[in-house]
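J.: Encoded as structure tokens, here's the structure I'll be asking about.
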Amino acid sequence: MYIRRSIQTALLGLSLATFPLAQSAFAETVRVVRSATSSALNVPMNRAVVVESDVPFAELSIANPQIADISSLSERTVYVLGKAPGTTTLTFLDDAGRLITNVDVRVAPDLSEFKERLRQILPGEEIEVRNANDGIVLSGTVSSAGKLDRALELAERYAPERVSNLMSVGGVQQVMLKVRFAEMERSVSKSLSSSLSLAGSLFDGELGVSGGGGRGANSGGQGNGLSGTLPAVSDNQGALVLGFDAGAVEVGILLEALESKGVIRTLAEPNLTALSGQEATFLAGGEYPVPVSQDEAGIGIQFKRFGVELNFVPRVLDDNVINLELIAAVSSIDPNSGFEFNSFRIDAFRRREASTTVELRDGESIAIAGLLQDDFVDASAQIPWLGDLPVLGALFRSADYQREQSELVIIVTPHLVTPTRGEALALPTDRVRPPSEKDLFLFGRVASDTRVPQEGGAGEVAKQDFNGSFGYVMD
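Its first residue numbered 59, the sequence shown is counted upward by one per residue in the numbering used here.
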């Protein structure tokens with residue numbers, strides 16, 4: 059048996075006219091079948107092949123008409139149309155009913171059209187396409203994961219659920235994500251209050267009056283003032299006590315003036331590396347035990363994580379564009395907002411979290427979250443009527459002013475990275491040497507940084523000059 063690559067025009071016209079099912083197909087290959095026990099014939103799906111026998115045949119049969127359809131054009135030629143992927147048998151018989159030959163007809167997806175579409179959509183990609191039974195096998199190397207997905211999606215159009223992926227992604231596919239959390243908090247509190255107390259005997263009777271708009275009137279500060287002692291620190295801050303006798307009457311005046319300021323700076327820079335398409339998680343903090351109710355009135359413990367958390371999934375796209383799905387959070391324990399339950403003290407948590415999806419190139423940065431919060435409280439309290447008196451009314455009034463400002467910024471920067479030798483990496487402990495017994499007990503030295511590395515990343519850091527002023531200045 060042999061295959062003739064040229065097709066006669068008259069035979070093609072006859073085949074299209076006599077076989078309506080092949081209107082959209084054409085004779086692609088002419089195969090001559092000689093007397094033999096069996097042979098093989100490959101037919102593309104939705105295309106036709108004209109088979110020619112060197113001996114006349116009287117009868118034809120196809121084992122599975124759902125895979126391939128046949129039509130006799132003459133006593134020596136057969137028109138075979140591929141209908142569905144699979145393998146079936148075409149049998150030739152002579153006038154006496156004897157077997158001429160069996161032909162294994164293998165119908166597979168048309169790879170010529172698929173290869174052409176693949177070259178148009180993904181030019182320059184080294185993708186090899188092969189048939190495997192009734193499916194498609196893709197192999198080779200592509201430049202990005204996005205192009206790999208597009209090649210698989212196109213292959214599914216030609217062989218649904220019968221595509222084998224043996225492709226690999228070339229280039230740098232590891233992403234290091236650098237996240238910077240920067241938070242500044244400032245609080246200012248001012249208060250001014252006063253209290254007046256009277257005690258003693260007048261007209262042979264007992265007299266005891268105290269009042270005012272300040273906190274001292276409610277915290278025991280008045281009693282301390284009348285006894286001639288200063289209030290305790292836990293009772294009053296910024297307090298001034300004045301006391302004198304006016305005949306049989308003891309007069310005590312408590313003045314409170316308090317101004318407090320505070321600044322808090324929080325900065326965290328977690329770095330994490332992950333493979334393209336894989337999730338990575340990071341936690342620098344701890345776990346806080348929280349009692350929870352269980353069955354049969356039991357109490358169990360559930361641990362809640364806090365600290366700096368980072369979860370992200372990187373995907374390297376075309377032209378080294380990095381798609382990031384990330385969740386960044388900073389949480390801390392807040393004992394001021396907790397509560398007590400069944401003799402358990404449960405603290406609350408402060409949590410700042412951002413969840414988003416962005417696209418960046420290697421080394422580019424973007425601020426994914428920002429929060430500017432400004433809380434202002436201005437309160438005034440007084441004793442009714444007495445606080446409205448001229449001059450003396452100031453002794454029965456109090457004013458409180460509080461302002462809290464906070465600003466939070468989260469900045470992310472992705473980098474495409476490759477592994478390197480361990481000697482090129484610097485560690486925080488490279489320049490620290492444990493003390494000897496002589497240094498520890500005789501000179502009281504805990505650690506020494508006299509060990510200066512000469513090579514690698516630690517050596518580059520050791521060469522830098524850190525003399526002089528550096529750091530942050532806050533007014």
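Using N, Cα and C, we set each Cβ at its ideal position, and we do this for glycine too. These numbers come from a predicted model, not from an experiment.
For the stretch 185-196 against the stretch 207-223, are there 3 or more C-beta pairs whose distance is under 8 Å?
T.: Verdict: yes, contact present.
J.: Rounded to a whole number of angstroms, what is the C-alpha to C-alpha distance between Gln232 and Val109?
T.: By 1-based counting over the sequence shown, the position of residue 232 is 174. By 1-based counting over the sequence shown, the position of residue 109 is 51. Using only the alpha carbons, I get a separation of about 54 Å.
J.: Considering only residues of the same chain and omitting the five flanking positions on each side of Lys236, which have a CB-CB separation below 6 Å?
T.: Here residue 236 is taken as the residue at index 178 of the sequence shown, counted from 1. Within the same chain, Lys236 has close Cβ partners Asn329, Thr471.
J.: Tell whether a beta-carbon distance below 7 Å holds between Val101 and Val107.
T.: Taking the sequence shown and counting its residues from 1, the one referred to as residue 101 is at position 43. Taking the sequence shown and counting its residues from 1, the one referred to as residue 107 is at position 49. Cβ atoms of Val101 and Val107: closer than 7 Å.
J.: Give the secondary structure of Ile179 by DSSP, where H, G and I count as helix, E and B as strand, and everything else as coil.
T.: Within the sequence shown, the letter at position 121 stands for residue 179. Note: Ile179 maps to helix in three-state DSSP.
J.: Do Arg220 and Asp192 have their C-beta atoms closer together than 7 Å?
T.: Taking the first residue of the sequence shown as position 1, residue 220 is located at position 162. Taking the first residue of the sequence shown as position 1, residue 192 is located at position 134. Yes. Within cutoff.
J.: Going along the chain, which unbroken runs of the beta strand (DSSP E) with 3 or more residues stay wholly within the stretch 339-406?
T.: The stretch 339-406 contains these whole beta strand (DSSP E) runs: 357-374, 379-399.
J.: Looking only at C-alpha atoms, which of Leu148, Asp458, Glu184 sits nearest to Ser4?
T.: With the chain covering 59 to 533 only, the question about residue 4 has no answer from this structure.
J.: Could you check how far apart the C-beta atoms of Leu374 and Ala203 are, in whole angstroms? I think they sit under 8 Å.
T.: Counting from one through the sequence shown, the residue named residue 374 turns up at place 316. Counting from one through the sequence shown, the residue named residue 203 turns up at place 145. Looking at the sequence provided, one finds Val at residue 374 rather than Leu. Yes, they are in contact, since the Cβ atoms of Val374 and Ala203 sit about 6 Å apart, within 8 Å.
J.: Rank Leu224, Thr147, Pro442 by C-alpha distance to the C-alpha of Gly451 and give the top, closest one.
T.: Taking the first residue of the sequence shown as 1, we reach residue 451 at position 393. Ranking Leu224, Thr147, Pro442 by Cα distance to Gly451 puts Pro442 first.
J.: Any chance the CB of Val161 is under 6 Å from a heavy atom of the ligand SAM?
T.: This structure lacks the ligand SAM, and indeed carries no ligand of any kind.
J.: Note down, in chain order, each residue of its chain lying with its Cβ closer than 6 Å to the Cβ of Ala427, except the 5 sequence neighbours on either side.
T.: Walking along the sequence shown from the start, residue 427 turns up at place 369. Hits under 6 Å: Ala412, Ile468.
J.: Would you call Lys319 buried or exposed, if buried means 16 or more other Cβ atoms sit within 10 Å of its Cβ?
T.: In the sequence shown, counting from the first residue as 1, residue 319 sits at position 261. Counting Cβ neighbours within 10 Å, Lys319 comes out exposed, since fewer than 16 surround it.
J.: With 16 as the cutoff for other CB atoms within 10 Å, does Gly344 come out buried or exposed?
T.: As a first step, residue 344 must be located in the sequence shown, where it is residue number 286. Exposed is the call here.
J.: Would you decide whether Phe239 is buried or exposed? Buried here means 16 or more other CB atoms lie within 10 Å of its CB.
T.: Residue 239 sits at position 181 when you count from the first residue of the sequence shown. That one is buried.
J.: Please determine, among Leu224, Gly421, Val348, Phe370, the residue with the shortest C-alpha to C-alpha distance to Glu398.
T.: By one-based count along the sequence shown, residue 398 stands at place 340. The option with the nearest alpha carbon to Glu398 is Val348.
J.: With a threshold of 6 Å on Cβ separation, who are the neighbours of Glu465 within its own chain once the five nearest residues in sequence on each side are excluded?
T.: Start at 1 with the first residue of the sequence shown, and residue 465 comes out as number 407. Closer than 6 Å at the Cβ level, and outside the excluded window around Glu465, lie Met242, Leu430.
J.: Is the beta carbon of Ile125 closer than 7 Å to that of Thr146?
T.: Translated into positions along the sequence shown, residue 146 becomes position 88. Translated into positions along the sequence shown, residue 125 becomes position 67. Yes; because the gap between Cβ atoms is below 7 Å, this pair is in contact.
J.: Report the three-state DSSP secondary structure of Ala505 (helix, strand or coil).
T.: What you label residue 505 is simply residue 447 of the sequence shown in a count that begins at 1. In this structure, Ala505 counts as coil in the three-state DSSP scheme.
J.: Taking 7 Å as the limit between beta carbons, can you name the residues of its chain near Pro492, skipping five residues before and five after?
T.: Within the sequence shown, the letter at position 434 stands for residue 492. Excluding residues within five positions, the ones whose Cβ falls inside 7 Å are Ala505.
J.: Would you identify the three-state DSSP class for Gly421, choosing helix, strand or coil?
T.: Along the sequence shown, read from residue 1 onward, the residue named residue 421 stands at position 363. Correct three-state label for Gly421: coil.
J.: For Pro477, count neighbouring Cβ atoms within 10 angstroms of its own Cβ and tell me buried if that reaches 16, exposed if not.
T.: Stepping through the sequence shown from its first residue, residue 477 is reached at position 419. Per the 10 Å Cβ criterion, exposed.
J.: Using C-beta distances below 6 Å, list every residue in its chain close to Lys362, excluding the 5 sequence neighbours before and after it, in chain order.
T.: Residue mapping note: residue 362 aligns to position 304 of the sequence shown, counting from 1. The residues are Tyr346, Val348.
J.: Using the Cα positions of Asn223 and Leu169, report the straight-line distance between them to the nearest angstrom.
T.: The count along the sequence shown starts at 1 and reaches residue 223 at position 165. The count along the sequence shown starts at 1 and reaches residue 169 at position 111. Rounded to whole angstroms, Asn223 to Leu169 spans 16 Å at the Cα level.
J.: Pull up the distance between the alpha-carbon of Glu86 and that of Asp376, whole angstroms please.
T.: Looking up residue 86 in the sequence shown gives position 28. Looking up residue 376 in the sequence shown gives position 318. For Glu86, the predicted model reports a pLDDT of 44, less than 50, meaning its position is unreliable and no value from the coordinates is stated.
J.: Tell me the rounded alpha-carbon separation between Arg164 and Glu117.
T.: Counting from one through the sequence shown, the residue named residue 164 turns up at place 106. Counting from one through the sequence shown, the residue named residue 117 turns up at place 59. Answer to the nearest angstrom: the Cα atoms are 21 Å apart.
J.: To the nearest angstrom, report how far apart Gln460 and Ser252 are at their CA atoms.
T.: For this step, residue 460 is matched to residue 402 along the sequence shown. For this step, residue 252 is matched to residue 194 along the sequence shown. The straight-line gap from Cα to Cα measures roughly 18 Å.
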